[in-house]
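Numbering (our numbering), first residue to last: -6 to 119.
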């Protein structure tokens, strides 16, 4: 799998987002709260890609520059490490940033990597 982040990998359909927040399971790995849902059964979708949503609350970061920086770093960390997650079942994943300050790329990547390993069912070391 190439290290790309295509448009089809973005979760943007309102129906899917609503379904994820209503029926999805969640866990917390600093600095993210992660919600996920296996969508293969729900939509008979072709499991080519997992779809992700990245959310950074405006309540925590008033400046759009900070929110965009966090989203950019999160996307990049996911793009480079998404091969940890095998494509057997198509997952809908939401990353909700919960830290109170803008973290470095290294810290964000550490959280993304740990979450991808947990979603893949591999043991996670703290």
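Note that CB positions come from ideal geometry on N, CA and C, so glycine has one too.
Could you tell me if residue i is buried or exposed, where buried requires 16 or more neighbouring beta carbons within 10 angstroms of its beta carbon?
i, result
"residue 57", "exposed"
"residue 43", "buried"
"residue 94", "exposed"
"residue 49", "buried"
"residue 11", "exposed"
"residue 54", "buried"
How would you write the range of the alpha helix (DSSP H) that residue i sits in, first residue to last?
i, result
"residue 70", "57 to 74"
"residue 108", "98 to 113"
"residue 10", "7 to 16"
Got a sec? Which residues, its chain only, sit under 8 angstroms from residue i by beta carbon, not counting five neighbours each side?
i, result
"residue 24", "90, 91, 92, 96, 100, 101 and 104"
"residue 72", "-4, -3 and -2"
"residue 74", "102, 105, 106 and 109"
"residue 18", "28, 29 and 30"
"residue 98", "66, 69 and 70"
Using a Cβ-Cβ cut-off of 7 angstroms (strictly less than) and excluding sequence neighbours within five positions of residue i, which residues of its own chain qualify?
i, result
"residue 108", "22, 25 and 27"
"residue 113", "77, 78 and 79"
Given residue i, which residues of its chain have a CB within under 6 angstroms of its CB, disregarding the five upstream and five downstream residues?
i, result
"residue 46", "4 and 87"
So what's residue i in DSSP terms, helix, strand or just coil?
i, result
"residue 26", "strand"
Report, in whole angstroms, the separation of the C-beta atoms of residue i and residue j, which I expect to be a contact under 8 angstroms.
i, j, result
"residue 60", "residue 51", "7 angstroms"
"residue 9", "residue 85", "6 angstroms"
For the beta strand (DSSP E) that residue i lies in, which residues bound it at each end?
i, result
"residue 32", "Where residue 32 is concerned, there is no enclosing beta strand (DSSP E), given that its DSSP letter is neither H nor E."
"residue 85", "84 to 90"
"residue 4", "Note, residue 4: premise wrong, no beta strand (DSSP E); not H, not E."
"residue 46", "44 to 48"
Checking contacts by CB at 8 angstroms: is residue i closer than that to chain D?
i, result
"residue 66", "Of the protein chains in this structure there is only one, and it is not chain D."
Is residue i near the ligand MN, going by C-beta to nearest heavy atom under 7 angstroms?
i, result
"residue 58", "As for the ligand MN, it is missing from this structure, which has no ligand bound."
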